[in-house]
Amino acid sequence: MNKMRNLKLMVVLLLATSLILTACGGKESAKSEQSSRDDKYGGTLITADLLSDPGSFNPITSSEHSEIVGIVLESLTDRNAETLEIEPELAKSWEVSEDGLKWTFHLRENVKWHDGEPFSADDVIFTYQVVYDENIPNSSKDGMIIGGEKIEVLKVDDYTVKLILPQPYAPLLSQLNGFVILPKHKLYQTWQAGKFNQSWGIDTKVSEIVGTGPYKFVDYKTGERLVFERNPYYWKKDQEGNQLPYIDRIVRQIAGSRETQVLKFEKGETHLVGIKNSDYNRMKAMEEQKNFTLYDAGPTWFKSLISFNQNPNNPNVKEQPWKYEWFTNIHFRRAAAYAVDRETIINQVYAGFGQPDFNAVSAPNKRFLNPDIRKYPYSLDQARAELKKGGFSWNDQGQLIDRDGRVVEFTFVTNAGNELSEANLNIIANGWKELGMVVHAIPIDFSKLVRQLTSEYTWDAFFLYLTGSPEPNSGSNVWKSSGNLHMWNPKQQEPATQWEARIDELFLKGATTSDYEERKKYYDQWQEIVADQVPVIYTAVADSIYGVRNTLKNVRPNALGGVLWNLEELYLEK
Amino acid sequence: MLTYLAKRLLQVIPLLLIISMVSFFIMQLTPGDYLETLKMNPDISEELINDLKIKYGLDKNPVEQYFRWLWRVLHLDFGRSFKWNAPVTDVIGSRLLNTLILSLAAMIISWGIAIPIGIHSAVKKYSWSDNILGIFAFIGLSIPNFFFALLLLFLIVKFNLNLPIGGMTSVDYEWLSPWAKIIDILKHLLVPAIVLGTASVAGLMRQMRGQMIDVMREDYIRTARAKGLKEKKVIYKHAFRNAINPLITIFGFQLSGLLSGAALTEIVTAWPGMGRMMLEAVRAKDIYLVMAGLMMGSILLVIGNLVADILLSVVDPRIRYD
């Protein structure tokens with residue numbers, strides 16, 4: 001293969017020299033442009049970014065993120081991980097009717113599936129049929145059911161699809177980004193035979209798994225690696241009109257552990273690696289010697305949060321009604337927020353790479369982040385002042401007591417086994433102990449924690465990491481008072497408080513208004529309310545740091561997409 | 001002998017039934033099920049969780065689940081893995097061989113080292129070489145496997161040795177010649193096999209040494225020496241064959257461990273084996289996969305014991321099973 005490549009290069013060079021000869025010089029620039037363009041093509045990109053085997057390759061039935069989406073499979077729209085704007089992918093353009101109900105999508109023509117079959121509107125219709133099938137439990141459906149009703153999907157012609165919504169739905173384009181289009185010619189029969197749930201599992205031959213993406217799926221070796229090969233007919237071209245992608249093969253190895261990932265990178269086996277913040281200085285020291293660069297891609301999208309149980313259905317409320325009293329007391333919650341020593345968390349847990357967080361929206365979400373909200377910088381004095389306002393005082397031993405003289409004592413849990421969670425838990429608990437609270441900080445088994453949060457409701461306070469999303473509406477399960485992840489008081493029939501009712505209203509408006517400026521206003525207000533009422537206390541966000549070998553070019557890492565978000569534009573220097 | 005074999009094999013059936021029951025219900029006693037982790041995902045609705053519950057049969061009570069599972073197993077259907085959405089046999093399939101390769105290599109290393117140094121230590125007991133070998137064996141025993149594996153990988157990086165970091169095959173494995181393929185796998189095998197192998201050297205070597213010392217005191221050894229036999233013959237022909245009995249029993253036990261793998265070592269060295277898969281399965285409460293893995297381990301334990309007993313009768317003609 002290498003020989004072939006050299007031969008081709010020689011032919012190109014010969015042609016270039018002959019061109020120069022006939023043009024009697026003066027075309028020097030054309031030559032260097034030609035060769036620089038050819039230099040970009042080829043090579044194998046090797047990563048070890050997977051920690052365990054993929055659960056399934058089926059993007060619809062898999063409940064975890066499918067590892068081949070974006071590489072092999074594509075959607076109608078795409079979110080640019082840098083600008084966070086929605087961009088065309090399989091749909092080249094779209095328009096929406098005045099009332100916001102009828103969306104017309106114009107599909108890209110001449111797109112081919114990896115096995116050569118043409119992509120058309122039938123594939124889009126088919127994907128909707130599968131997702132709406134009662135017998136196929138899937139999470140894509142949730143984003144495509146609007147106000148309890150399905151979207152009506154019509155084929156106008158081979159390259160035009162019309163979606164008719166039951167009511168205006170602003171997050172549609174963003175939902176379409178996660179809505180992966182399936183090849184009808186590969187899966188229709190399977191679906192008809194009622195076997196869709198078992199299709200595209202890890203036992204499927206990879207040549208059956210075809211998409212329209214920049215890379216074809218060519219090999220999966222259990223427990224070892226996924227291999228992808230360049231799709232020479234990909235629809236995307238670079239700015240000079242050259243065919244993308246540049247790199248020939250992508251190998252994603254399954255490393256098993258973070259330590260192995262880093263060692264593989266140090267040895268020079270891989271091109272990129274995600275680095276623990278605490279490893280930054282050690283890695284920085286060998287940057288030059290080992291020919292790589294560390295990138296600080298800014299704060300991650302993860303939210304690290306604390307919440308207090310405000311659920312009146314907590315079975316413990318009958319025996320210990322005072323805990324419910326404390327946790328529903330806004331001054332108590334504000335005091336707790338002031339007593340979180342975020343600087344210590346950043347320094348000790350994130351090795352100095354992070355920033356304090358007070359906001360319900362993820363820090364890098366520049367489209368919706370509202371910086372002008374109430375903040376709770378670390379101050380024990382202010383915390384004590386809040387506690388006094390809330391009717392708390394201190395006994396002779398310096399313990400915090402409530403109006404009835406009861407010592408404020410509660411348990412504070414997180415998921416055991418996650419060292420970051422456990423470190424956070426201890427630092428936060430120490431801050432509260434400074435206030436005279438008796439805090440039992442205990443890491444517990446994750447499934448036990450989930451059970452307490454979602455069905456038993458017996459917890460007092462927790463610390464957890466949750467994922468954040470560029471689209472605020474995807475948090476509606478958490479923020480609407482009826483949501484099952486509205487953790488401090490889930491599944492309310494009627495909003496328990498006025499501010500929760502207001503948030504419900506804002507989320508409804510935010511989802512049904514299509515104008516971005518107007519939407520931003522609603523979500524700004526939501527962030528203000530959350531910061532004011534502190535049902536959830538945010539602590540700090542870490543930066544995501546990547547090590548990338550210097551031979552990999554065009555690299556622009558960010559926290560949302562990592563290093564590979566612009567995979568098709570990356571190239572390897574020879 | 002044959003009736004003995006048949007009897008032993010028949011005993012296996014109730015034993016496996018009890019093992020399966022105990023493991024199934026212990027899995028049920030731990031809080032939560034496979035769907036628990038999905039509940040914290042803001043993108044997954046409650047309806048979906050309920051649908052999946054029905055699809056996986058997790059809405060039924062545990063006793064009914066067990067008997068459904070048993071019924072299917074009797075028809076050789078081991079169920080589907082939740083996590084990997086594929087038949088359990090497919091998930092285990094390729095990993096089985098990988099684990100076997102690793103365990104056998106580790107076994108060869110540990111027995112290959114332990115037996116000779118055990119004999120040497122016994123013959124030259126309390127000499128300086130006995131002491132030093134003993135120290136090394138115990139260092140091997142006391143270093144945690146995952147740490148030892150990381151240390152070896154770190155040294156490979158530090159001294160830039162021509163050895164791969166983790167995995168079982170290289171990226172260009174498909175294009176290698178058959179011989180190069182074998183060498184490639186051996187290169188990858190080196191670190192995990194040494195780690196697992198050295199871990200059990202100390203135990204085996206001490207067993208071997210203790211047995212040999214006992215046997216060397218026997219009258220027939222003195223007689224053999226008095227006959228004027230060469231020391232080598234005394235040790236290997238007379239003493240060794242008598243001292244090996246308990247080690248054969250240990251060997252039987254080790255056979256059962258062949259397929260269970262070594263989760264931590266496999267994770268650190270990225271070896272695609274059963275141990276890593278079982279750990280993930282237990283964590284995810286992927287119950288049918290866990291059950292299949294456990295049952296395989298149990299069957300091997302039973303078979304291992306049987307093989308050990310048969311081997312004993314071969315090595316020691318005094319042992320008869322009639």
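As they're listed, the protein sequences go chains A and B.
Under the UniProt record's numbering, think of the first position of the first sequence as 1, with each following residue one higher.
Under the UniProt record's numbering, think of the first position of the second sequence as 1, with each following residue one higher.
Glycine is no exception: its CB is placed at the ideal position from the N, C-alpha and C atoms.
Bear in mind that the values here come from a model prediction, so they are computed numbers and not experimental data.
Closer than 7 Å, Cβ to Cβ, to anything on chain A: give me those residues from the region 43-62 of chain B, in chain order.
D43, I44, S45, E46, L48, D51, L52 and K55
Can you check the region 37-93 of chain A for any beta strand (DSSP E) of at least 3 residues that lies completely inside it and give the ranges in chain order?
44-50, 77-79 and 86-88
Please name the residue, chosen from V302(B), M296(B) and R320(B), that lies closest to L96(B) on a Cα-to-Cα basis.
M296(B)
Let me know the secondary structure DSSP gives P118(A) once reduced to three states.
strand
Taking three-plus beta-carbon pairs below 8 Å as touching, is the region 250-260 of chain A in contact with the region 131-141 of chain A?
no
Measuring only the C-alpha atoms, how far is E386(A) from G213(A)?
55 Å
In three-state DSSP terms, what is V63(B)?
helix
When you compare the CB of I254(A) with every CB in chain B, is at least one pair closer than 8 Å?
yes
Report the residues of the region 256-286 of chain B with a CB closer than 8 Å to any CB of chain A, ordered along the chain.
E266, I267, V268, T269, A270, W271, P272, G273, R276, M277, E280 and K285
What residues are listed by DSSP as bridge partners for P443(A)?
T414(A)
Quick one: what's got a C-beta closer than 7 Å to A86(B)'s C-beta in the same chain, skipping five residues either side?
R80
Hey, does R95(B) have any beta-carbon neighbour from chain A nearer than 8 Å?
yes
CB-CB under 8 Å to I537(A), same chain, minus the five flanking residues each way: which ones, in chain order?
L305, I306, S307, R333, A336, A337, V340 and Y376
Do you know how far the Cα of Y66(B) is from the Cα of L16(B)?
When rounded, the distance between both Cα atoms is 14 Å.
Just to confirm the assignment, what range does the beta strand (DSSP E) spanning E229(A) have?
DSSP places E229(A) inside the beta strand (DSSP E), whose first and last residues are R225 to R230.
Which residue marks the beginning of the beta strand (DSSP E) containing G298(A), and which one marks its end?
F292 to P299
Please report the straight-line C-alpha distance between T204(A) and V171(B), rounded to a whole angstrom.
Rounded to the nearest angstrom, the two C-alpha atoms are 21 Å apart.
With a floor of 4 residues, list each alpha helix (DSSP H) that falls wholly inside the region 348-420 of chain A, ordered by position along the chain.
380-389
Report the rounded CA-to-CA distance for G257(B) versus L289(B), giving the unit in angstroms.
18 Å
Could you tell me whether any Cβ in chain B is nearer than 8 Å to the Cβ of L13(A)?
For L13(A), the predicted model reports a pLDDT of 34, less than 50, meaning its position is unreliable; a value from the coordinates is still stated below. No, L13(A) lies away from the interface with chain B (no Cβ there is under 8 Å from its Cβ).
Ignore the nearest five residues each way along the sequence and tell me which others in S32(A)'s own chain have a CB closer than 7 Å to its CB.
With a pLDDT of only 49 at S32(A), under 50, the local geometry of the prediction cannot be trusted, and the value read off the model is given with reservation. There are no such residues.
Could you confirm whether any beta carbon from chain A is found closer than 8 Å to the beta carbon of I183(B)?
no
Tell me H486(A)'s beta-bridge partners as DSSP assigns them.
Partner(s): none; H486(A) has no beta bridge.
Output, in chain order, the set of chain B residues within a Cβ distance shorter than 8 Å of K264(A).
I165 and G166
Count the other CB atoms within 10 Å of the CB of L560(A); is the residue buried (16 or more) or exposed (fewer)?
Its Cβ being crowded by 16 or more others within 10 Å, L560(A) is buried.
Within 8 Å (strictly less), CB to CB, does G561(A) reach chain B?
no
According to DSSP, is Q198(A) helix, strand or coil?
helix
Since V91(B) is in the alpha helix (DSSP H), which residue starts that stretch and which ends it?
V88 to V123
Enumerate, from N- to C-terminal direction, the unbroken beta strand (DSSP E) stretches of 3 or more residues contained entirely within the region 156-204 of chain A.
160-164
Using DSSP with H/G/I as helix, E/B as strand and the rest coil, what is H188(B)?
helix
From what residue to what residue does the beta strand (DSSP E) around Y465(A) run?
From DSSP, the beta strand (DSSP E) with Y465(A) extends over A461 to L466.
Do M27(B) and K285(B) come within 8 Å of each other at the CB atom, strictly closer than that value?
yes
Measuring straight from C-alpha to C-alpha, what distance separates R403(A) and N135(A)?
In this structure, the alpha-carbon of R403(A) lies about 55 Å from that of N135(A).
The alpha helix (DSSP H) spanning L52(B) covers which residue range?
For L52(B), the enclosing alpha helix (DSSP H) begins and ends at E46 to Y56.
Is M296(B) close to chain A, meaning its C-beta is less than 8 Å from at least one C-beta of that chain?
No, no contact with chain A.
With 8 Å as the threshold, decide whether the Cβ of A86(B) is near any Cβ in chain A.
So yes, A86(B) belongs to the interface.
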